[in-house]
Each structure stands twice: as structure tokens, then as C-alpha cells.
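The numbers in the numbering used here rise by one with no breaks, and the one at position 9 of the sequence shown is 635.
For every residue, glycine included, the Cβ atom is placed at its ideal position computed from N, Cα and C.
Owing to the predicted nature of the structure, the values given are computational and were not obtained by experimental measurement.
Step one of this worksheet: look at the structure below.
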Amino acid sequence: MVKAFILDFDGLIVDTETPWYYAFRDIYQEHGLELGLELWSRNVGTDFEDFHPYLYLEETLQRSIDHDHIKRLSEQKYAAYLGQAAILPGVLELLKSAREQGIRLAVASSSTRDWVHGYLQTLGIFDQFAVIHTAEDVKRVKPDPELYLLALKSLGIEASEAVVFEDSPNGLKAAKAAGIRCVIVPNEVTRNLQFQLHDLRLSSLIEFQLEKL
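Structural data, given as C-alpha cells:
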């Protein structure tokens with residue numbers, strides 16, 4: 627029996643990932659470089675351990691860059707691409723369906739607490755989640771399973787009683803390592819990446835039907 631849905635945040639509830647990619651793609655182009663999706667995808671759903679856009683830019687240019695300037699520039703470009711933050715299609719319907727069926731809701735995100743809480747509050751859905759865990763709550767973020775194991779513990783349920791919703795291979799790896807079924811809903815940045823061992827793949831959460839789970 628399904629007792630809880632555990633949702634990723636970035637790219638699943640709000641597509642913050644595509645604007646960030648576009649922002650750094652522009653910055654790289656301004657430095658005469660190309661930033662491919664395959665390279666950028668290394669940090670999607672995780673931290674900058676495998677690919678740090680600032681350090682990689684320095685290494686490629688073989689010179690130091692002003693990190694504060696790049697940070698300000700990327701944030702400006704990100705805001706321009708994001709525009710008015712909006713919940714992705716199907717998310718509200720998923721939350722409503724879960725509530726009606728008595729299924730608890732949680733968020734497990736590799737992003738920071740301020741980032742996730744801020745967006746959820748702005749979007750008016752913060753109070754719908756019984757549990758919210760972010761990068762500050764664990765030693766290692768996804769693809770390590772710690773975030774999902776912690777969410778299970780906080781919810782007081784077994785892995786077999788939960789379903790994870792993810793948009794990235796790193797998130798999928800974390801969910802499966804925690805022994806949880808995982809529904810993949812890729813976004814523009816992640817749809818061409820390699821996903822393995824997922825239980826269900828949707829092009830949008832609009833397609834999700836609780837009865838078929």
C-alpha cells in the first residue's frame with residue numbers, strides 16, 4: 627500500500643534547472659565556449675562535486691575569473707529566463723489526488739533549505755508537505771540515498787510504502803539505492819539523459835493516474 631509520495635523539487639515541481647542551464651550556457655558563449663547538456667547534466671539533481679561551472683570555466687580558459695561577478699551575472703540571467711516562477715503542469719493535480727487518497731507528501735531535495743522553502747512558500751504549497759528535507763539535513767546529497775532514507779524515517783514508513791517522483795538520473799539513482807519505486811518525469815534539460823531501472827516514465831505529471839500506480 628502506498629502511504630507517501632516523495633517529490634524532488636528542482637525540475638519536478640518548478641523547472642528551475644532549464645533557466646540555470648541557459649544562464650551558464652550564455653556565460654560560456656560570452657567567453658567563446660560551448661556548454662553542452664551532457665556536461666551540465668553532471669550537476670543536475672546533485673551538487674557541484676562532479677562539475678562546477680565556475681571552476682570548469684577557469685580550467686578551460688586557463689585563467690582565473692571573478693566568481694562574484696559570474697554569480698551576479700548568472701543570477702540575473704537565471705531570473706530573466708525563469709520569469710514568473712510557476713508550478714509545472716500536473717503537480718497540483720498530483721498533490722490533490724494524494725490528499726484525497728490519504729497519501730502523505732514529502733520533498734527531498736539536494737538544494738538548500740532557503741531555496742526550497744522559499745519557492746514552496748511563494749507558490750503557496752509549503753503546508754501541503756508533511757516532511758521537507760534538503761541539503762543541510764544530510765552529509766551527502768543525491769545520488770547518495772541519504773535524503774530518501776531520511777524522508778522515509780521522518781514519515782515513519784518503509785521503502786515499499788513510498789513512491790518517489792524525480793526528473794534526473796542522480797535522483798533516480800538515489801531513490802533506487804534507498805529501495806523506493808521511482809516515477810521519472812524528465813524536463814527539457816534531462817529528457818535526453820540515460821535513465822535506468824525506473825518504474826514508470828512520464829513526459830509530464832499530467833499523465834499520472836493514481837489508479838494505475
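Starting from the C-beta of residue i, find all residues in its chain whose C-beta is less than 6 Å away, skip the five residues before and the five after it, and write them out in chain order.
i	result
E772	V764 and R766
T642	D636
L819	S667 and P795
D825	R807 and C808
V733	L633, F635, F755 and I758
Relative to the C-alpha of residue i, which residue among the options is closest?
i	options	result
Q688	S829, L798 and L659	L659
L794	E784, I691, C808 and Q754	Inspection of the sequence shows that residue 794 is occupied by Ser rather than by Leu. Answer by Cα proximity: C808.
A649	E664, D825, S690 and A706	A706
Y647	Q822, N818 and S700	S700
E664	L775, L746 and E814	E814
F791	S780, I691, R827 and E784	R827
R817	R730, S667 and A712	S667
L731	G782, H824 and D825	G782
H693	I639, Y704, Q702 and Y680	Y680
A630	A788, S829 and S830	A788
In this structure, does DSSP put residue i in helix, strand or coil?
i	result
F791	strand
D636	strand
L731	strand
I653	helix
H759	strand
R689	coil
D770	coil
L714	coil
G805	coil
D753	helix
E675	coil
N818	coil
Going by beta carbon distance, what residues of the same chain come within less than 8 Å of residue i, once the five residues before and after it are set aside?
i	result
I832	P715, G716 and E719
L683	I653, Y654, H657, L659, I691 and I696
N796	V670, G671, T672, S736, K768 and P769
F821	P795, L798, I810, P812 and R827
In the DSSP assignment, what residue or residues form a beta bridge with residue i?
i	result
I810	E792 and R827
F631	L731 and V789
Starting from the C-beta of residue i, find all residues in its chain whose C-beta is less than 7 Å away, skip the five residues before and the five after it, and write them out in chain order.
i	result
T760	S735, S737, T738, R739 and V742
A785	L778, A804, G805 and I806
For chain D, is any of its Cβ atoms less than 8 Å away from the one on residue i?
i	result
T816	In the structure shown, chain D does not exist; there is a single protein chain.
So residue i and residue j are supposed to be a Cβ contact under 8 Å. How far apart are they, rounded?
i	j	result
Y774	I632	6 Å
L749	A777	Not really, about 20 Å apart at Cβ, beyond 8 Å.
K802	L823	5 Å
Within 7 Å: the Cβ of residue i and any heavy atom of the ligand ATP?
i	result
I751	This structure lacks the ligand ATP, and indeed carries no ligand of any kind.
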